[in-house]
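Here the sequence shown stands for residues 1235 to 1347, numbered as in the numbering used here.
Ideal Cβ positions, reconstructed from N, Cα and C, are used throughout, including at glycine.
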Amino acid sequence: MLIYSGQEKENAQHTLGVTLTLSKDARKVPIGWESPAPKIIIAFLKAKKEGITMNVIQCYAPINDSNDDHRDQFYERMQSIIAKCTGKRLTILMGGRNAKVGMYNIGRPSNNS
1235 MLIYSGQEKE NAQHTLGVTL TLSKDARKVP IGWESPAPKI IIAFLKAKKE
1285 GITMNVIQCY APINDSNDDH RDQFYERMQS IIAKCTGKRL TILMGGRNAK
1335 VGMYNIGRPS NNS
């Protein structure tokens, strides 16, 4: 099962959105899902152990070069989402957080001299 968040317009460019792919076993236990933002999706699943649910959050963070306000809004929204994941809920946060590593990162400080 593939869960998608992002652009819903028919001719929209595919520049926003994330997906979450559920395995055959996970398909049997979904409670629901929501997309609080185009680049964030949350699936709510029942765990095998009775009484425990899982929050699986898939996100795609803005790059460091993006607008400060845009980046701050994204991380504030993520903090708000994670704060709501309370009680007997296992929370898994996944996704691209746009880290840049390696010694060939031109224009950025490096410890790999």
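Asked, Found
"Separation of residue 1281 from residue 1306, as counted between CA atoms", "33 Å"
"Opening and closing residue of the alpha helix (DSSP H) in which residue 1314 lies", "1302-1317"
"Residue 1281 - DSSP class collapsed to helix/strand/coil", "coil"
"Distance between beta carbons of residue 1316 and residue 1270, contact taken as under 8 Å", "Incorrect: roughly 11 Å between the Cβ atoms, too far for contact."
"Among 1310, 1240, 1322, 1300, the one whose alpha carbon lies nearest that of residue 1273", "1240"
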